[in-house]
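Engineer:
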Amino acid sequence: MTLAPSPTTALAWLIPLGGPPMSHVELVGKPHGMTIGRIEHCDVHLAADSVSRHHARIVFDGTRWRIADLNSRWGTFVNGTRLSQGRDIPLAEGDLLAISPWTFRFSEKTSARSGLLEGALESADDSIESARHVNTITLDRAPSLGDEMFALLLDAAAAMHGAADEKTLAETLIDKACKGSGLSNATVLKPAGGGSRFEVVAAGSSDGGATAYSRSLLKAASGGQVAELSTDHLPADLTNSIVSLGVRSALCVPVMLGETTAAYLYLDSRGDPNSAQRLPLRPNASAFCVALARIAGLALANLKRIEMDRRARKLEADLSAASAAQQWILPKPAGAFGPFSHTGKSRPGDFLGGDFYDVISLDEHRAAIAIGDVTGHGVTASVLMTASAGFLHADLQQSGDPAAAVNRLNEFICPRRPYGRFLTLWAGVVDLRKRLLRYVDAGHGYALLDGGAGGFHQLESLGQIPTGIDEPFCYRAVTTSVAEHGRLLLISDGIVEQQGPPTDAARPLPFGLEGVQHVAQATPPEADLIAALFDAVLQHAGQSTLADDATAVLLRW
Numbered sequence: 004m005t006l007a008p009s010p011t012t013a014l015a016w017l018i019p020l021g022g023p024p025m026s027h028v029e030l031v032g033k034p035h036g037m038t039i040g041r042i043e044h045c046d047v048h049l050a051a052d053s054v055s056r057h058h059a060r061i062v063f064d065g066t067r068w069r070i071a072d073l074n075s076r077w078g079t080f081v082n083g084t085r086l087s088q089g090r091d092i093p094l095a096e097g098d099l100l101a102i103s104p105w106t107f108r109f110s111e112k113t114s115a116r117s118g119l120l121e122g123a124l125e126s127a128d129d130s131i132e133s134a135r136h137v138n139t140i141t142l143d144r145a146p147s148l149g150d151e152m153f154a155l156l157l158d159a160a161a162a163m164h165g166a167a168d169e170k171t172l173a174e175t176l177i178d179k180a181c182k183g184s185g186l187s188n189a190t191v192l193k194p195a196g197g198g199s200r201f202e203v204v205a206a207g208s209s210d211g212g213a214t215a216y217s218r219s220l221l222k223a224a225s226g227g228q229v230a231e232l233s234t235d236h237l238p239a240d241l242t243n244s245i246v247s248l249g250v251r252s253a254l255c256v257p258v259m260l261g262e263t264t265a266a267y268l269y270l271d272s273r274g275d276p277n278s279a280q281r282l283p284l285r286p287n288a289s290a291f292c293v294a295l296a297r298i299a300g301l302a303l304a305n306l307k308r309i310e311m312d313r314r315a316r317k318l319e320a321d322l323s324a325a326s327a328a329q330q331w332i333l334p335k336p337a338g339a340f341g342p343f344s345h346t347g348k349s350r351p352g353d354f355l356g357g358d359f360y361d362v363i364s365l366d367e368h369r370a371a372i373a374i375g376d377v378t379g380h381g382v383t384a385s386v387l388m389t390a391s392a393g394f395l396h397a398d399l400q401q402s403g404d405p406a407a408a409v410n411r412l413n414e415f416i417c418p419r420r421p422y423g424r425f426l427t428l429w430a431g432v433v434d435l436r437k438r439l440l441r442y443v444d445a446g447h448g449y450a451l452l453d454g455g456a457g458g459f460h461q462l463e464s465l466g467q468i469p470t471g472i473d474e475p476f477c478y479r480a481v482t483t484s485v486a487e488h489g490r491l492l493l494i495s496d497g498i499v500e501q502q503g504p505p506t507d508a509a510r511p512l513p514f515g516l517e518g519v520q521h522v523a524q525a526t527p528p529e530a531d532l533i534a535a536l537f538d539a540v541l542q543h544a545g546q547s548t549l550a551d552d553a554t555a556v557l558l559r560w
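First residue of the sequence shown? That's 4 in my numbering, and the numbers climb one at a time after it.
1. Based on Cα-Cα distance, which residue from A51, A407, C181 lies nearest to R273?
2. Looking at the strands, I want to know which residues DSSP matches up with P513.
3. Taking just the CA atoms, how far does R411 sit from Q501?
4. Just the Cα atoms here: how many angstroms apart are D150 and F291?
5. Near F340, which residues of its chain fall below 7 Å by C-beta distance, leaving aside the five closest residues on each side in sequence?
6. Which two residues bound the contiguous beta strand (DSSP E) that contains T378?
7. Less than 8 Å between C-beta atoms, sequence neighbours within five positions excluded: which residues of the same chain meet that for P458?
8. Candidates P93, G515, F359: which alpha carbon is nearest D313's?
9. Nearest to I494 by CA position, among R436, A430, V481, K437, is which residue?
10. Which word fits P19, buried or exposed, when buried means at least 16 other C-beta atoms lie within 10 angstroms of its C-beta?
11. Who are the near neighbours of L541 in its chain, counting only those whose CB is closer than 8 Å to its CB and skipping five residues on each side?
12. Mind checking who D361 pairs with in its DSSP beta bridge?
13. Starting from C181, trace the alpha helix (DSSP H) in both directions and tell me its first and last residue.
14. At 3 residues or longer, and completely inside the segment 434-508: list those beta strand (DSSP E) runs for me, N to C.
15. Three-state secondary structure (DSSP) at W560?
16. When DSSP labels each residue in this structure, what does R544 get in the three-state scheme?
17. Quickly, what does DSSP pair T79 with across the bridge? List them, please.
18. Count the CB pairs spanning the segment 395-406 and the segment 460-480 that are closer than 8 Å, and state whether there are at least three.
19. Can you check which of these residues, M25, A294, P469, L306, is closest to P104 by C-alpha distance?
20. L14 and G32 - do their beta-carbons sit closer together than 9 Å?
21. In terms of alpha-carbon separation, which member of R490, E487, V409 lies closest to P475?
22. Counting along the chain, where does the alpha helix (DSSP H) carrying A530 start and finish?
23. To which residues of the same chain is W2 closer than 7 Å at the C-beta, ignoring the five residues directly before and after it?
24. Go ahead and pull the three-state DSSP assignment for L17.
25. Once DSSP output is grouped into helix, strand and coil, what is the label at V293?
26. Distance, Cα to Cα, G357 vs E174?
27. For V556, collect the residues of the same chain with a Cβ closer than 7 Å to its Cβ; drop the 5 residues on either side in sequence, then sort them by chain order.
28. Give the straight-line distance between the Cα atoms of R561 and V62, rounded to the nearest whole angstrom.
29. List the endpoints of the continuous alpha helix (DSSP H) containing L221.
30. What does a CB cutoff of less than 8 Å around R281 pick up in its chain, not counting 5 residues either side in sequence?
31. What's the gap between the Cα of D64 and the Cα of L100?
32. What does DSSP give as the partner residue(s) for K33 in the beta ladder?
33. Between R41 and the rest of its own chain, which residues show a CB-CB distance below 6 Å, the 5 nearest in sequence each way excluded?
34. Please check the pair L301 and E169, which I expect to be a contact at CB under 8 Å, by giving their CB distance rounded to whole angstroms.
35. Mapping the DSSP letters down to three states, classify H48 as helix, strand or coil.
36. For P24, does the three-state DSSP call read helix, strand or coil?
Below, the structure written as structure tokens:
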């Protein structure tokens with residue numbers, strides 16, 4: 004179906020923390036989500052060889068943001084964990100999203116609009132005075148530890164792996180780092196965007212906490228190395244740098260989640276009454292803090308995995324319950340009343356679908372039948388579908404007039420629908436006493452009538468717009484004759500537009516109306532046409548799942 008314009012107001016942002024320079028990414032609630040990939044027509048274009056053509060998709064379902072990997076070659080990582088193909092993961096504030104060579108921080112805070120987060124601290128620009136005094140040590144070349152430090156490290160490992168949350172973990176890391184390094188001031192920072200802005204996770208020092216941090220140290224550590232600053236031989240007239248705060252020794256160690264720098268352990272001698280006489284860092288301080296940071300990274304990864312699994316389980320439980328409840332509003336898969344019988348099936352492309360169908364007994368000679376398709380997926384589409392199906396059922400049952408019912412439904416959903424959502428709809432009434440079918444096609448288009456002579460043929464559409472777009476719009480009904488015995492088949496675009504598996508030789512082809520008609524002609528009248536149709540569509544797709552919600556309903560008389 005044709006999609007409504009996407010909202011232009013960003014609901015969330017991806018703030019670049021590492022990788023080639025780029026602006027922050029605005030995320031908007033498009034009905035089918037936003038695609039991240041290497042090719043230019045992707046919603047988020049990342050031009051790098053390590054990014055797949057269609058790498059990942061971010062979707063807002065009306066209540067939460069979710070991300071899924073699209074079978075990318077190099078993977079999509081959230082908080083250091085590679086996403087499994089086909090599994091959506093809900094995103095939370097501050098999550099680190101890595102698509103090599105970029106790392107982003109996810110944020111729903113309005114302050115992220117500028118690429119900077121409210122409350123984040125600016126690191127002190129000491130690049131001119133101090134950068135040449137910063138030494139870096141690769142993580143695998145730190146000196147070995149003595150027995151006393153090793154015992155302290157084992158104690159720290161037990162405490163950090165027992166931490167129940169990130170703040171407790173950071174506070175434990177600070178406590179052990181100060182004891183092992185001899186430095187009096189320690190802070191755990193995490194990137195907050197803008198290159199030089201950081202957020203304090205936890206802080207501990209003798210003077211109540213630092214308010215400025217060396218940009219040189221943080222920049223050096225952002226590459227995954229340990230950064231040391233020893234200023235015993237600096238000129239005495241430095242006034243605009245971190246050194247003017249009385250810092251003569253400092254250390255910055257990255258805390259890694261896989262290949263992603265998730266946080267920094269920052270230590271310096273600020274607040275130490277002996278800072279002016281402090282000697283350079285202890286020979287094993289760097290090695291100890293490197294080991295601490297590695298343990299902290301493992302503990303943090305474990306906390307992140309637990310949290311992501313909890314989110315995923317809760318999401319799946321909520322969606323499964325909602326999906327089961329959603330099925331309650333649909334008719335039974337098969338039924339009969341008077342001279343009519345019907346079969347139908349609705350299969351969501353996701354947990355929750357935006358499709359519905361209905362068959363209603365009006366009296367002994369008349370039956371109403373309808374099918375609807377809400378744009379998009381997820382909770383928002385599901386809620387609009389449920390409300391529309393209930394409203395339409397009640398109106399058709401009372402009035403028996405498809406035109407009046409569709410017009411009233413349009414008036415009902417127009418002021419209530421979420422932005423960018425609308426509903427394609429086909430609703431009709433078969434009157435066997437008059438041998439007439441009266442129907443309204445509101446932008447749906449897929450209705451086929453079998454008169455018993457020439458097989459199924461597609462019914463006329465007046466080109467009317469979907470419901471939920473224009474409240475004053477007046478929908479008109481079409482009237483056509485029906486045979487004494489016949490069939491009416493309604494399908495959603497998820498069946499017609501389902502593509503076959505991609506091949507190198509040719510572009511994937513949709514199932515199409517031709518596929519529907521072929522199945523209808525090949526299926527004996529006494530067989531289950533709906534079951535045969537879904538079997539054919541799944542076989543065409545070459546997999547057990549479909550790309551979109553798929554619905555079909557058959558009315559016989």
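Virtual Cβ for every residue (Gly too), placed ideally from N, Cα, C.
All values derive from a computational prediction rather than experimental measurement.
Structural biologist: With the given structure in hand:
1. C181
2. Q502
3. 32 Å
4. 11 Å
5. S364
6. From DSSP, T378 is part of no beta strand (DSSP E); its letter is neither H nor E.
7. Reading off the sequence shown, one finds Gly at residue 458, where the question assumed Pro. Excluding residues within five positions, the ones whose Cβ falls inside 8 Å are Q520, A523, Q524.
8. Note that residue 313 is Arg in the sequence shown, not Asp. With distances taken between Cα atoms, R313 lies closest to P93.
9. A430
10. buried
11. S547, L549
12. A373
13. 169-184
14. 439-445, 450-453, 459-461, 481-484, 490-494
15. coil
16. Correcting the residue type first, residue 544 is Ala in the shown sequence and not Arg. In this structure, A544 counts as helix in the three-state DSSP scheme.
17. T79 pairs with nothing; no bridge assigned.
18. yes
19. M25
20. yes
21. V409
22. Taken as a continuous stretch (DSSP letters only), A530 belongs to no alpha helix (DSSP H), as it is neither H nor E.
23. Outside the shown range of the chain, which is 4 to 560, sits residue 2, and nothing can be said about it.
24. strand
25. helix
26. 47 Å
27. H345, G347, Y360, V362, I372, I374, L493
28. What is shown of the chain runs 4 to 560, which leaves residue 561 out entirely.
29. 218-224
30. At R281, the pLDDT of 46 sits below 50, so the modelled position is not reliable; the number obtained from the coordinates is stated separately. Excluding residues within five positions, the ones whose Cβ falls inside 8 Å are R251, S252, S272, D275.
31. 19 Å
32. Answer is none; K33 lacks a bridge partner.
33. V54, R56
34. Not quite, the Cβ-Cβ distance comes to about 14 Å (not below 8 Å), so this is no contact.
35. strand
36. coil
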